[in-house]
Amino acid sequence: HISEMLFIFILLISINTFLSPGVDTKRYFWCEGGSVPLSCGYIKVITANYGRTDHTTCSTGRSLHQLSNMQLQLFSKLFCVCSYRCDGRKSCSVPAVNSVFSDPCVGTHKYLDVSYLCVDTKRYFWCEGGSVPLSCGYIKVITANYGRTDHTTCSTGRSLHQLSNVDCFQETSVQVICDGRKSCSVPAVNSVFSDPCVGTHKYLDVSYLCLPFSKSITDTHYHSKLEVGKMFLKEVSFAHQGCIYFVTVKL
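The sequence shown lines up with residues -25 to -1, 1 to 226 when you count with mature numbering (1 follows the signal peptide of the UniProt record, and there is no 0).
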């Protein structure tokens, strides 16, 4: 199908982009029947293939017949499964089995080949009453708490009574305000988050990713041009078989 060919073509472009110098892309293979977890800062899956593209990978103890069929099987279902299970997580595990991905080449001993980014998280604190903006490529909030979980953060000039409660939590809507933006600013005040512990001097504690591309849920065809290292990138998004894909291509 033309749509499937377009899907594969765009993903192949993305492989070239993320294997370029300056972008820390990792690659991992699971032999058929295995399930070894990825683990790093936070994971962003770039490409995924379940099949066989060479004679040597996962070849130990296999017959020539089981290694002869070399076809690239970049199916949308496969990419969806890997992204759903892994994106934004510190670790993930996807079984390399036919029951998960179907069998693209019967009789061939296959493997799951995944290219992914390991993105380091950043952490920022706003003391109560303050408002300092986050700023980076594109923001993806992982966790956010308005309250107090230790005695030392934002403690200058505060009484022991104001610092004693370290079991103060208030889930926030920082994700809604900041996700997908290049910068954002959220006032650390009770009028925004309410007051989870009256009398305690609080702070807003945010852990987030700085992504080199936008991961919104809109179906916009072209996002703004971004500069990553010495590369200029543009994100192309498109819908295919019930999933919306966001692929960053090099200009």
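We put the beta carbon where it would ideally sit given N, CA and C, even for glycine.
- A distance of 8 Å or more separates the beta carbons of residue 14 and residue 70.
- Taking 8 Å as the upper bound for CB-CB distance, residue 19 and residue 92 are in contact here, some 4 Å apart.
- Residue 137 and residue 174 have their C-alpha atoms roughly 6 Å apart.
- The residue among 159, 155 and 181 with its C-alpha nearest the C-alpha of residue 147 is 181.
- Taking residue 130 as the centre and dropping the five residues before and after it, the same chain places the C-beta of 138 and 176 closer than 8 Å to its C-beta, in chain order.
- Per DSSP, reduced to three states, the secondary structure at residue 93 is strand.
- Rounded to whole angstroms, the separation of the alpha carbons of residue 61 and residue 186 is 15 Å.
- DSSP places residue 60 within a helical segment (H, G or I) once states are collapsed to three.
- Judged by their CB atoms, residue 96 and residue 184 are nearer to each other than the 8 Å cut-off.
- Taking the Cα of residue 58 as reference, the smallest distance to any Cα among 23, 39, 125 and 33 is reached at 23.
- Between the alpha carbons of residue 99 and residue 158 lies a distance of about 13 Å.
- Between residue 33 and residue 84 the beta-carbon gap is near 6 Å, inside 8 Å, which marks them as a contact.
- In the DSSP assignment, residue 153 falls within the unbroken alpha helix (DSSP H) covering 149 to 153.
- For residue 17, the closest alpha carbon among the candidates 26, 161 and 67 is that of 67.
- Counting only residues of its own chain and dropping the five nearest sequence neighbours on each side, residue 12 has a CB closer than 7 Å to the CB of 66, 67 and 68.
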